[in-house]
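Numbering (my numbering), first residue to last: 1 to 375.
Cβ atoms here follow ideal geometry from the backbone N, Cα and C, with glycine treated the same way.
Shown next, in the form of structure tokens:
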């Protein structure tokens, strides 16, 4: 999923697909238990929350002037899905995304001013409006692996990428006898639903999507033996707001991807023998949007499955990870299993036979107990 590379791409956003089942019913009352409901305003708040509060927005305009009031509309949406849910004032104005980086003292002054603002019950309702506690009730309908594909996207949405991944997964489910359901409701991430499934697939999820109870449900379920597969944008946000997700579940934090051109052919190298990469050639070429990460996930103890040959696609200097540039990996999370692949922005990636084989085998691995994760 495209996010920040050498510059800000500005593709059109589309509404998320609605995949609710007839048995899904909305809970009454506003959501009040989102993770940042009561957090102080700051330069590290999601930009959308600053934009939604008139006093916070005025403070930013007063301190930053035209560099704030003149931000591109791509960054200033206030209805999810929107890019403003995955950036912060600190990120935008200290990185050069909106002109020359601002003086740290100016940002510190703005931060202090924002932190003095009250967080009212009305603010909490507004902040939490992009979350849901709808009583979604997807149920697997067959034998084989039970797979739940999750598609609640509050941040950057590329409908073509999400749709291509979903279509590919549905095809693989038919080929391999999996029972697969799709939902874009956060309310589906609760113990009673998760207990029916062997694994969840985070299909290009961008933006914080789960309330605090939903976070706990997912974390507990995975650590007690559930499976997770993350695809491309599931680890592609410039700013994230759940440390366990990035540090423990995925194992890496997004840095950026090349631009001009955004999509480049690159050589992938398969690292050793593994159930996820069985039958794949030692190296092959694909064209995609190639992510770099702030630190090598290998340092977290993951089992790297595939790396990129940076010489084959020539990323800019600030995106170079060197000779060891992981692009797909797996690891244990408690007794659970997690696989992540940064491959999968252009729909063509899901027609690639090698990648389809990797995804198939990743789902099969994540969906079944692994003795290595039972220690």
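- Its chain contains 361, 364, 365 as the residues whose beta carbon lies nearer than 8 Å to that of residue 275, once the 5 sequence neighbours on both sides are disregarded; these appear in chain order.
- If you compare the alpha carbons of 132, 186, 54 with that of residue 114, the shortest gap goes to 54.
- Boundaries of the alpha helix (DSSP H) around residue 354: 353 to 366.
- Taking residue 43 as reference, the option from 294, 105, 203 with the minimal CA-CA separation is 105.
- In the three-state reduction of the DSSP assignment, residue 214 falls in the helix class.
- Per DSSP, residue 371 lies in no alpha helix (DSSP H) segment and is marked neither H nor E.
- DSSP lists 46 as the beta-bridge partner residues of residue 88.
- In the three-state scheme derived from DSSP, where H, G and I count as helix and E and B as strand, residue 197 is classed as coil.
- Taking all protein chains shown into account, residue 38 has fewer than 16 neighbouring C-beta atoms within 10 Å of its C-beta and is therefore exposed.
- The Cβ atoms of residue 85 and residue 92 lie no closer than 8 Å to each other.
- A direct Cα-to-Cα measurement between residue 116 and residue 213 gives close to 28 Å.
- Residue burial annotation: residue 313 is buried, with at least 16 other C-beta atoms found within 10 angstroms of its C-beta.
- Around the beta carbon of residue 45, a 10 Å sphere encloses 16 or more other beta carbons of the protein chains shown; the residue is thus reported as buried.
- Selection 287, 189, 305 evaluated against residue 330 yields 305 as nearest (Cα-Cα).
- DSSP places residue 82 outside both helix and strand once states are collapsed to three, so it counts as coil.
- Going by DSSP, residue 283 is part of the beta strand (DSSP E) stretching over 283 to 288.
- About 26 Å separates the CB atoms of residue 301 and residue 147; that is not less than 8 Å, and the two are not in contact.
- Between the alpha carbons of residue 215 and residue 58 lies a distance of about 32 Å.
- Here residue 289 is buried. Its C-beta has 16 or more other C-beta atoms within 10 Å.
- The residues 268, 290, 291, 306, 307, 308, 341, 342, 343, in chain order, have a CB closer than 8 Å to that of residue 327 in the same chain once the five nearest residues on each side in sequence are set aside.
- Linking residue 358 to residue 265 through their CA atoms gives a straight-line distance of about 18 Å.
- Rounded to whole angstroms, residue 126 and residue 102 show a C-alpha spacing of 29 Å.
- In this chain, the alpha helix (DSSP H) harbouring residue 115 covers 104 to 115.
- Using a 10 angstroms sphere on the CB of residue 141, the tally of other CB atoms stays under 16, which defines it as exposed.
- Contact between the region 147 to 157 and the region 174 to 186 is present, with at least three C-beta pairs closer than 8 Å.
- By the criterion of at least three beta-carbon pairs nearer than 8 Å, the region 150 to 168 is in contact with the region 192 to 208.
- For residue 327, the secondary structure class from DSSP, reduced to helix, strand or coil, is strand.
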